[in-house]
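For the sequence shown, the numbering used here gives the first residue as 4, with consecutive numbering after it.
Cβ coordinates follow ideal geometry from the N, Cα and C atoms, glycine included.
Okay, structure first, notes after.
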Amino acid sequence: MLQLFCGRWVRGLLRFYIELFRGTPFLVQLFLLYYGGPSVGLTLEPMTAGVLGLGLYGSAYFTEAFRSGFQSVPPGHLEAASCLGLTRTQAVLRIQMPQMLVLIVPALTNLIIVLSKETAVLSIVTVPELTFVLTGIGSATFAFVETLLMLCVCYLALVELTSRAGMWAEARIARFMA
């Protein structure tokens, strides 16, 4: 939203941030944050580095989804709101946001699914997430195939649950808008 309503310098900084995080692999970003951070005085615990890394990475994608959603609302709708005497804030909250939400729910659902699967990468920096725990169990019991199959089932269930929640939200918002 800042990209649409702020000055040129703010838009430029945001564009740089978005292109940097969308244009580089998450694994490289995580390595730079966790292993490269101490060289510039930033020492983070694995969990903190993981959450911060996922947040920075994901926010670049979410920002683009919201930007495209805002821009997809026809300008005529905002002009009509202005003609009716609505302020810019009222037009955004009452006209642009509801229409935008209907359009971006599928993209947001997809981004949530991608980020939930990216958590597997966090095991590389010893964040105790699902992949890390099940790999540890596989190493202790020498049952690698079984634990990896269980990992696949867990991620599949998570993705399916998220997908169904997204479809429910999409239908609910569309019904509310009708």
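{"Check": "Distance, Cα to Cα, Tyr20 vs Ile140?", "Outcome": "38 Å"}
{"Check": "How long is the line joining the alpha carbons of Leu137 and Leu154, rounded to whole angstroms?", "Outcome": "7 Å"}
{"Check": "Which word fits Leu31, buried or exposed, when buried means at least 16 other C-beta atoms lie within 10 angstroms of its C-beta?", "Outcome": "A small fix is needed here, since residue 31 is Val in this sequence, not Leu. Its Cβ having fewer than 16 others within 10 Å, Val31 is exposed."}
{"Check": "In three-state terms, what does DSSP make of Glu48?", "Outcome": "coil"}
{"Check": "Examine the Cβ distances between the stretch 46 to 65 and the stretch 121 to 130 and report whether three or more of them are shorter than 8 Å.", "Outcome": "yes"}
{"Check": "Relative to the C-alpha of Pro109, which residue among Pro131, Thr165 and Tyr158 is closest?", "Outcome": "Thr165"}
{"Check": "Starting from Phe147 and walking both ways along the alpha helix (DSSP H), at which residues does that stretch end?", "Outcome": "Phe147 to Met180"}
{"Check": "Assess contact between the stretch 140 to 150 and the stretch 93 to 100, defined as three or more Cβ pairs (one per stretch) separated by less than 8 Å. Is contact present?", "Outcome": "no"}
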